[in-house]
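Visitor: I'd like to ask some things about the structure below.
Number of protein chains: 2
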Amino acid sequence: MIIDCHGHYTTAPPQLQDYRDAQLANFRDPSNPAASLAQISDDEVRESIENNQLRALRERGADMTIFSPKASAMAHHVGDEHVSKVWTRMNNDLIHRVTNLFPDNFIGVCQLPQSVNVPIKNSIEELERCILELGFVGCNLNPDPSGGHWSGPPLTDKAWYPFFEKLVELDVPAMIHVSGSCNPNFHATGAHYLNADTTAFMQFLEGDLFRDFPDLRLIIPHGGGAVPYHWGRYRGLADMLKRPPLTEHIMRNVYFDTCVYHLPGIELLFKVIDVDNILFASEMFGAVKGKDPETGHYFDDTKRYIDALELSDADCKKVFEGNVRRIYPRLDAALKAKGK
Amino acid sequence: MIIDCHGHYTTAPPQLQDYRDAQLANFRDPSNPAASLAQISDDEVRESIENNQLRALRERGADMTIFSPKASAMAHHVGDEHVSKVWTRMNNDLIHRVTNLFPDNFIGVCQLPQSVNVPIKNSIEELERCILELGFVGCNLNPDPSGGHWSGPPLTDKAWYPFFEKLVELDVPAMIHVSGSCNPNFHATGAHYLNADTTAFMQFLEGDLFRDFPDLRLIIPHGGGAVPYHWGRYRGLADMLKRPPLTEHIMRNVYFDTCVYHLPGIELLFKVIDVDNILFASEMFGAVKGKDPETGHYFDDTKRYIDALELSDADCKKVFEGNVRRIYPRLDAALKAKGK
């Protein structure tokens, strides 16, 4: 099996965005009408997937995507706690409809209701609903709900601990994934995403999160941000800061995906990061949707780059399936229940 | 000749830091005594260089370093405009003493007096002093004087234009280099530096800075942050955002240095970035001072990684000397005046 661990529902029917626009208009000015989601038919959901993610999944030879709401639209920095909760629940419910319509191809990862200065424990209720009631297998955790102002504490701060405790209890991983940026310095997918990946890794290096949570599993997407390219810098910093080696201190708990959109980048990733820590992913459809004029193939068809590495069968199996099933045990259980 | 374009005076005699501590104590509470710099003898300056940067320069087989004050100590986010001006001038004067004592091995690049919400045109006076009176050949420009809060406008904003006009007029490049971080989310050398590099590149991608300043030359240090590793993402984003190809839109004006502390990273850099855009550098002594236990050599001995690439003689000459002399024409003129 080939499982893509990082896909977003960026192609949802337009009623969803219409709702969001109305919701925020009402939040800004309560004299605007209360928002309500116009009905979305099963056919509309089906079409939005079949013509997009599922078509590409098939064309590219993959079987399944771990699927979550559009990351840039989580926008935890707008509205308030209630707005975020309603919007989050709606998005997760829509993912649930996709996974019900295409149970063999999609399994859910949830968005969380986060807001600036709202304790992360308030996100646990929606996490539990998605994992325990909707059959989801993980979540996306935003390390910067302020949207590029980084006004909250680092991930290693005890303020996050109640949530990590719950992740361990439920035995689900989190992907560390920011949302859109309201800071004009940071383009969302071209700067904020990669900066957040890099930042999270360095927070883990400085802190002792995995001493406190030896069973916690976190995925840093987009190939780990700048980290593999600067692997020597991080090994050297660990040494200078008297931290244990990265392999012990971080890489028993942290995984990088393969959302790196050219062969030289993927080559580097596999050269410096242990294959046990790499999860196949394409971010489909995410930051970059076009075709690379140099190759004639889609930038985000990351399977092609991995295929070009000519890994051993055992390593291929790890990257495309085994690691993902290990990191997402609820996915593994769901597949086993189907005899897969 | 082998010229390292990125070295910092991180080994200055302790009187400098004593002054800074007193300066800030006085700023916080004017009842503390006014700060004054205790005398630093030529021998002290000489020793601080001979036993450190110059020793390493010789051991590693390089000839010259483009030398600037310690970047993390610029700390534009502390004090006010006056504090920043006095501190900056003092640091630049100390660099000038180094270049006078070791004219064959060091040439100056200046720190700038920047402060939050102070117009960048106020930095021009010190730039001109350093270039026109002290014989410096460039400057370090901090894209985030807030120290990790990114409260100012992007580099492509017209607010920065008076400074870029002056750079073009003086025919000197700027290295885009942040300072320390006062945001607990960002470790300085492990996150803030690399994030700033990545951020600046994406700002250039979104904006039209080099249409307005076709002769402006900017160096993005630390191997370009996350950019080369995600070169496919950036090529794809340029396409999606209807920007010209990166080669035309950015890479006629932007250069990456080689401060990447392991061979696989350097291999990637040279694989994806045109050799004309790469400048040899080690950041000596910067983020990582130790030896790599895997190789037995210093992490920041980047010349070894480049040597291992077995570039053609012509490409070696570009990376180690030619590109630097082209990007820093005042360095080239200074060398030519010495018959080099």
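In order, the protein sequences belong to chains S and E. Under our numbering, the first residue of the first sequence is numbered -9, with each subsequent residue one higher. Under our numbering, the first residue of the second sequence is numbered -9, with each subsequent residue one higher. Where a beta carbon is used, it is the ideal one built from N, C-alpha and C, also for glycine. Predicted model, so just to flag it, every value in this text is computed and none were measured.
(1) When DSSP labels each residue in this structure, what does serine 58(S) get in the three-state scheme?
(2) Mind checking which residues open and close the alpha helix (DSSP H) that includes valine 314(S)?
(3) Can you look up phenylalanine 194(E) in the DSSP assignment and give me helix, strand or coil?
(4) Going by alpha carbons, who is nearest to asparagine 130(E) out of Glu159(E), Thr146(E), Ala327(E) and Pro211(E)?
(5) Taking only beta-carbon atoms, is alanine 216(E) less than 7 angstroms away from chain S?
(6) What does a CB cutoff of less than 7 angstroms around arginine 225(E) pick up in its chain, not counting 5 residues either side in sequence?
(7) Between the Cα of glutamate 257(E) and those of Asp134(E), His72(E) and Thr292(E), spot the shortest distance and give me the residue it belongs to.
(8) To the nearest angstrom, how far is the alpha carbon of methionine 331(E) from that of isoleucine 209(E)?
(9) At the level of alpha carbons, what is the spacing between lysine 75(E) and glycine 69(E)?
(10) From histidine 67(E) to asparagine 107(E), what distance separates their C-alpha atoms?
(11) Quick check on phenylalanine 270(S) - is its C-beta less than 7 angstroms from some C-beta in chain E?
(12) Around the C-beta of histidine 220(S), are 16 or more other C-beta atoms found within 10 angstroms, so that it is buried, or is it exposed?
(13) Would you call the stretch 131 to 151 of chain S in contact with the stretch 95 to 110 of chain S, where contact means no fewer than 3 C-beta pairs closer than 8 angstroms?
(14) In three-state DSSP terms, what is lysine 232(E)?
(15) Quick one, which of Arg242(E), Ala304(E) and Asp83(E) has its alpha-carbon nearest tyrosine -1(E)'s?
(16) Looking at chain S, is there any beta carbon in it that lies within less than 7 angstroms of the beta carbon of glutamate 196(E)?
(17) Measuring straight from C-alpha to C-alpha, what distance separates valine 168(E) and leucine 91(S)?
(18) Chain E partners of asparagine 173(S), CB-CB under 8 angstroms?
(19) Go through its chain and collect everything with a Cβ distance to asparagine 22(S)'s Cβ below 8 angstroms, but skip five positions before and after it.
(20) Tell me the DSSP secondary structure of glycine 222(E) in three-state form.
(21) For a test of the three-state rule: what should DSSP assign to cysteine -5(S), helix, strand or coil?
(22) Would you be able to state if there are at least three C-beta pairs under 8 angstroms between the stretch 257 to 268 of chain E and the stretch 291 to 310 of chain E?
(23) Would you call alanine 323(E) buried or exposed, if buried means 16 or more other Cβ atoms sit within 10 Å of its Cβ?
(24) Using CA atoms only, rank isn't needed, just tell me which of Arg207(S), Pro152(S) and Leu145(S) is closest to asparagine 313(S).
(25) Counting C-beta neighbours from all protein chains within 10 Å, is the total for arginine 223(E) 16 or more, i.e. buried, or is it exposed?
(26) Contact criterion: CB-CB distance below 7 angstroms. Does methionine 274(S) meet it with respect to chain E?
(27) Per DSSP, asparagine 130(S) forms a beta bridge with which residues?
(28) Check whether the stretch 150 to 160 of chain S and the stretch 115 to 123 of chain S are in contact - that is, three or more C-beta pairs closer than 8 angstroms.
(29) According to DSSP, simplified to helix, strand and coil, what is cysteine 100(S)?
(30) So with CB distances below 8 angstroms, who are the chain S contacts of proline 144(E)?
(31) What separation, rounded to the nearest whole angstrom, lies between the Cα atoms of glycine 51(E) and serine 272(S)?
(32) Expressed to the nearest angstrom, what Euclidean distance is found between the alpha-carbon atoms of asparagine 95(S) and glycine -3(E)?
(33) Quick one: which residues of the stretch 288 to 315 of chain E get their C-beta closer than 7 angstroms to a C-beta of chain S? List them in chain order.
(34) Let me check one thing: in DSSP terms, what residues is phenylalanine 246(E) bridge-paired to?
(35) Three or more C-beta pairs under 8 angstroms: does that hold for the stretch 188 to 203 of chain S against the stretch 233 to 249 of chain E?
Guide: Reading it off the structure:
(1) Position 68 of the first sequence, counting from 1, holds the residue named residue 58(S). DSSP places serine 58(S) within a strand segment (E or B) once states are collapsed to three.
(2) Here residue 314(S) is taken as the residue at index 324 of the first sequence, counted from 1. 313 to 317 is the extent of the alpha helix (DSSP H) around valine 314(S).
(3) Position 204 of the second sequence, counted from the start, is the residue given in the question as residue 194(E). Reduced to three states, the DSSP call for phenylalanine 194(E) is helix.
(4) If you number the second sequence from 1, residue 130(E) lands on position 140. Distance from the Cα of asparagine 130(E) is smallest, within the candidate group Glu159(E), Thr146(E), Ala327(E) and Pro211(E), for Pro211(E).
(5) Counted from its first residue, the second sequence places residue 216(E) at position 226. Answer yes: the Cβ-Cβ gap between alanine 216(E) and chain S drops below 7 angstroms somewhere.
(6) Counting from one through the second sequence, the residue named residue 225(E) turns up at place 235. Closer than 7 angstroms at the Cβ level, and outside the excluded window around arginine 225(E), lie Leu236.
(7) By 1-based counting over the second sequence, the position of residue 257(E) is 267. Here the closest residue by C-alpha is Thr292(E).
(8) Shown here, chain E extends from -9 to 330; a query on residue 331(E) therefore has no answer.
(9) In the second sequence, counting from the first residue as 1, residue 75(E) sits at position 85. In the second sequence, counting from the first residue as 1, residue 69(E) sits at position 79. About 10 angstroms.
(10) Within the second sequence, residue 67(E) is the residue found at index 77, counting from 1. Within the second sequence, residue 107(E) is the residue found at index 117, counting from 1. For histidine 67(E) and asparagine 107(E), the gap between their C-alpha atoms comes out near 10 angstroms.
(11) Taking the first sequence and counting its residues from 1, the one referred to as residue 270(S) is at position 280. Judged by the 7 angstroms Cβ criterion, phenylalanine 270(S) is not in contact with chain E.
(12) Position 230 of the first sequence, counted from the start, is the residue given in the question as residue 220(S). By the Cβ-count criterion, histidine 220(S) is buried, with 16 or more other Cβ atoms from all chains shown falling within 10 Å of its own Cβ.
(13) These segments touch.
(14) For this step, residue 232(E) is matched to residue 242 along the second sequence. DSSP, reduced to helix, strand and coil, places lysine 232(E) outside both helices and strands of the structure shown, so it counts as coil.
(15) In the second sequence, the residue the question calls residue -1(E) occupies position 9. Out of Arg242(E), Ala304(E) and Asp83(E), Asp83(E) has the C-alpha closest to the C-alpha of tyrosine -1(E).
(16) For the purposes of this step, residue 196(E) is identified with residue 206 of the second sequence, where counting begins at 1. At least one chain S Cβ lies under 7 angstroms of glutamate 196(E).
(17) Taking the first residue of the second sequence as position 1, residue 168(E) is located at position 178. Taking the first residue of the first sequence as position 1, residue 91(S) is located at position 101. Rounded to the nearest angstrom, the two C-alpha atoms are 49 angstroms apart.
(18) Counting from 1 along the first sequence, the entry for residue 173(S) is found at position 183. Within chain E, the residues near asparagine 173(S) are Trp140.
(19) Your numbering for residue 22(S) matches position 32 in the first sequence. Excluding its 5 nearest sequence neighbours in each direction, asparagine 22(S) has C-beta neighbours in its own chain below 8 angstroms: Ala12, Ala15 and Asn16, listed in chain order.
(20) Sequence index remark: in the second sequence, residue 222(E) carries index 232 (1-based). Look at glycine 222(E) here: in three-state DSSP terms it is helix.
(21) Here residue -5(S) corresponds to residue number 5 of the first sequence, with the count starting at 1. Three-state result, cysteine -5(S): strand.
(22) Taking a cut-off of 8 angstroms for Cβ pairs, the stretch 291 to 310 of chain E and the stretch 257 to 268 of chain E touch, as three or more such pairs fall below it.
(23) Here residue 323(E) refers to the residue found at position 333 when the second sequence is read from its first residue. Per the 10 Å Cβ criterion, exposed.
(24) As a working mapping, residue 313(S) is identified with position 323 in the first sequence. Ranking Arg207(S), Pro152(S) and Leu145(S) by Cα distance to asparagine 313(S) puts Arg207(S) first.
(25) Sequence index remark: in the second sequence, residue 223(E) carries index 233 (1-based). Result: buried.
(26) Counted from its first residue, the first sequence places residue 274(S) at position 284. Methionine 274(S) does not count as touching chain E.
(27) Residue 130(S) sits at position 140 when you count from the first residue of the first sequence. According to DSSP, which records beta bridges pairwise, asparagine 130(S) is partnered with Met165(S).
(28) With a cut-off of 8 angstroms, the stretch 115 to 123 of chain S and the stretch 150 to 160 of chain S count as touching, because enough Cβ pairs lie within range.
(29) Here residue 100(S) is taken as the residue at index 110 of the first sequence, counted from 1. In the structure shown, the three-state DSSP call for cysteine 100(S) is strand.
(30) Counted from its first residue, the second sequence places residue 144(E) at position 154. Those are Pro174 and Asn175, listed as they occur along chain S.
(31) Here residue 51(E) is taken as the residue at index 61 of the second sequence, counted from 1. Here residue 272(S) is taken as the residue at index 282 of the first sequence, counted from 1. Here the C-alpha atom of glycine 51(E) lies approximately 43 angstroms from the C-alpha atom of serine 272(S).
(32) Numbered from 1 along the first sequence, position 105 holds the residue referred to as residue 95(S). Numbered from 1 along the second sequence, position 7 holds the residue referred to as residue -3(E). So the alpha carbons of these two residues sit roughly 53 angstroms apart.
(33) Using a CB distance below 7 angstroms, the part of the stretch 288 to 315 of chain E facing chain S consists of Phe289, ordered along the chain.
(34) One-based indexing of the second sequence puts residue 246(E) at position 256. Phenylalanine 246(E) is bridged by DSSP to Ile210(E) and Ile268(E).
(35) Flag = no, the stretch 188 to 203 of chain S and the stretch 233 to 249 of chain E do not touch.
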